[in-house]
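Colleague: Residue numbers for the sequence shown, in the working numbering: -13 to 136.
Note that the Cβ used here is the ideal one computed from N, Cα and C, for glycine as well.
Remember, it's a predicted structure, so these values are computed and weren't measured experimentally.
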Amino acid sequence: MVLFNKKKTHLKTGATDTLIGEGTVFTGKLSSEAGIRIEGQVIGDIISKGEVTIGEKGAVHSTVSAKDVVIAGSVNGKVVAAKLTITPTGRMIGSIQAEKLVIDQGALFQGTSDMAAARQEAPEKTERGGVALEASQQEPQHQEPAPALV
-13 MVLFNKKKTH LKTGATDTLI GEGTVFTGKL SSEAGIRIEG QVIGDIISKG EVTIGEKGAV
47 HSTVSAKDVV IAGSVNGKVV AAKLTITPTG RMIGSIQAEK LVIDQGALFQ GTSDMAAARQ
107 EAPEKTERGG VALEASQQEP QHQEPAPALV
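(1) Could you tell me whether the Cβ atoms of Ser60 and Ala45 are closer together than 8 Å?
(2) Cutting at 6 Å between CB atoms, please list the residues of its own chain near Thr98, excluding the five before and the five after it.
(3) Asp90 and Lys69 - do their beta-carbons sit closer together than 8 Å?
(4) Measuring only the C-alpha atoms, how far is Glu19 from Gly92?
(5) Quick one: give me the first and last residue of the beta strand (DSSP E) that Lys64 is part of.
(6) Could you give the residue range of the beta strand (DSSP E) that holds Ala93?
(7) By Cβ distance below 7 Å, which residues in the same chain neighbour Leu87 in space, the five residues on each side in sequence not counted?
(8) So for Ala20, helix, strand or coil by DSSP?
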């Protein structure tokens, strides 16, 4: 007869390990290595290396920083993410900084979005140790002015 299972269960990558349930109000800074799901209310900063999901009944008044963010409830504040999805029931009021932005039909977004700031990375190094720049980053070549026609 086995009384205790000695196997440890591990969360799958991308799993939710923190749940702020409906009827719960959390005030402060919330940090997690894995996913966070919010069905209650959060007032404060949220930082996650995984996915942050704000459920349909969830409300967030803060800055949310995560790899991926899904908004089905409401966010008032700022979102910084590699990918942000606002579902048809989602409301985002504030600023967005994301590489990828998906706004489903029926969703509400009021504010500003900045996709360029999210994509800023260190310049690539070339094989010879130089730096590869995009055309907009290259310094202009000096050109002699064309002779004026009289």
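Modeller: This is what the structure gives:
(1) Less than 8 Å divides the Cβ of Ser60 from the Cβ of Ala45.
(2) Ser81.
(3) No.
(4) Cα-Cα distance, rounded: 31 Å.
(5) 60 to 72 is the extent of the beta strand (DSSP E) around Lys64.
(6) Note, Ala93: premise wrong, no beta strand (DSSP E); not H, not E.
(7) When the five nearest sequence neighbours on each side are left out, the beta carbons in the same chain lying within less than 7 Å of the beta carbon of Leu87 are those of Leu70, Ser99, Met101, in order along the chain.
(8) In the structure shown, Ala20 sits in coil (DSSP, three-state: anything other than H, G, I, E or B).
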